[in-house]
Every structure is written in structure tokens, then in C-alpha cells.
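There are 2 protein chains.
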Amino acid sequence: MTAEEVRVLAANDAFYEAFATRDFGRMDDVWAAEHDVTCIHPGWSMLVGRDAVMSSWRAILRSDNPRIEPTAARAYLHGDAAYVLCFEGARGENPVLCATNVFVREQGAWKMVHHQAGHLAQTPAPTTTPAN
Amino acid sequence: MTAEEVRVLAANDAFYEAFATRDFGRMDDVWAAEHDVTCIHPGWSMLVGRDAVMSSWRAILRSDNPRIEPTAARAYLHGDAAYVLCFEGARGENPVLCATNVFVREQGAWKMVHHQAGHLAQTPAPTTTPAN
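Chains as they are written, first to last, in the numbering used here: chain A, 5 to 136; chain B, 5 to 136.
Okay, here's the thing in C-alpha cells:
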């Protein structure tokens, strides 16, 4: 794994840490400030723009959602952009969601510009097997 | 819209055209050949690598899925990478899925490296309103 992949995965971890600790300030810092941001929560329509995306997180972080943790995260770098795939689930339980997280470099730091999470139909086999 | 955004959206259209016409050769051409590719079909686990991803498309294109068309596509460019968000649904019907499609420049052409589609809980309001 390259140093830059480690940095992207650290940005991905920061996102889930903000999520798990329900820390809106940290969540706000995870997301890009100088680029368009977008988000697709499970079952939701697309959210476009920082106001819409951060409003959604403010509501989610206030809600009774379980602590979500990422597993099996993999980073794919493409210049100043990167995406991470990972599973999401409550600690110690089978993952229930699969996510795409897109990051871009902003002032030298990797910042999230897009998140999509979708429900898994079955417990995943991480590499090649469809779950339905 | 910039010329490059138009080109990315054309690559996105080519993906859905290959999907709608069940043309595996065109679908194969849509996907990157020189970069890692990944895919998350609705409800499926993540697919990693060209063999796994193209095998999934070969099976899907042979199946009885309805013709899926994209609507409300928006492109977000970040250097040599870009992503497109769009809804997916049968022609003339309400969209049932929301997708993230990631492209990278390869030999001067925009090629798909990742696709995630997830079910919408309700008919979408495209910009800011969560659907659940």
C-alpha cells in the first residue's frame, strides 16, 4: 500500500469516526469546502450541495442510528481524486451496507466530496461473489 | 457545462446504452482496461477486478432486466477523474435506483472504473429532499 493510499484510508476512517461519535464539527471538517459535494444515503435521493449534504448529516448525527464502522476498506487513487469502497455495519455484527466514498485533494488534505451507501441483500463475500 | 463535462456525460450515456441494448462488447469497451475496476450492483457485495465486474455484466445483460435509462445526470470533474450521479429507471417510469459512476481518463478517453447503484425508497426529488 502506498503512503497516499494510507492517507486516503485515514480520511475515510475520519469520516466514520465522526459518524460513530456523532461529532458534527468533525463531520463538517471531513467534507470538502472548496469543491461541490454530493451524497446518496441508503434509500434517499441524491443530495447536491454543501448545505443539503451537511443538513442531512446534522439530522443523522442527532438520530438514534447505531454506531457504524467500516470494514474491508480499499482505496483507489487517480491523481488528485480517489475513491474508497468499504462495508458498513455495527461493531461486531455483519455489515449491512456497502459504500463508495470519493475524496479529492484540498489544500494538501484528502476531503470527501461524495458518499453513497446502499443496503446489502445478504452478508457479503468481499471480493467477487454477488450477494443475490 | 464545460466540454469535458459533456464528454464525461457522453461516456455515462454509452454505459447506459450498452446496458439497454444488452451489448456486451460495448459494455466491455465502456470500462477501463488499464486501471482497477470495481462495481456494486443493487443489493450485491462489492465486485473487485475486471474479471469479476465483466462477468457480472455478462450475466446481467443476458437476463430479463428491463431497459434502464439514466435521468438527471450530473458530472463532477476532478482532474483525470470524474464521477456522475444519475437516477436509473425504465423508460417513462419513475426512477427506482440512484447511481454513482466513476470515470478516469485512459488514452484520452473517459472510461468507467466504478459503478454503484442503490434502490430509492421513494420517487426522488432530485436536489435536496431525502426520500425517507
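Yeah, the Cβ is synthetic: ideal placement off N, Cα and C, and Gly gets one too.
>> Which residues in chain B have a C-beta closer than 9 Å to the C-beta of T42/A? List them in chain order.
In response: Correct list: R78, Y80, Y87, L89, T104.
In chain order, which continuous runs of the beta strand (DSSP E) of length 3 or greater are located wholly inside the segment 39 to 64 of chain B? Counting only runs of 3 or more, we get 42 to 44.
Q: In angstroms with no decimal places, state the Cα-to-Cα distance between R11/B and W114/B.
A: CA-to-CA, the gap between R11/B and W114/B works out to about 7 Å.
request  = Please state whether DSSP places A22/A in a helix, a strand or coil.
outcome  = In the three-state scheme derived from DSSP, where H, G and I count as helix and E and B as strand, A22/A is classed as helix.
Could you work out which residue in A77/B, A36/B, C90/B, H45/B is closest to N69/B when comparing CA atoms only? Here the closest residue by C-alpha is H45/B.
**Item:** CB contact check: P70/A to chain B, cutoff 9 Å
**Value:** Answer no: the Cβ-Cβ gap between P70/A and chain B never drops below 9 Å.
- Give the secondary structure of N69/A by DSSP, where H, G and I count as helix, E and B as strand, and everything else as coil. It is coil, neither helix nor strand.
Practice prompt. Answer yes or no: does any C-beta atom of chain B fall closer than 9 Å to that of V108/A?
Written response: Yes, its Cβ sits closer than 9 Å to a Cβ of chain B.
### Message
At the level of alpha carbons, what is the spacing between A7/B and R71/B?
### Response
C-alpha separation (whole angstroms): 28 Å.
ask   = How about H118/B and N105/B: do their beta carbons lie closer than 9 Å?
value = The Cβ atoms of H118/B and N105/B lie closer than 9 Å to each other.
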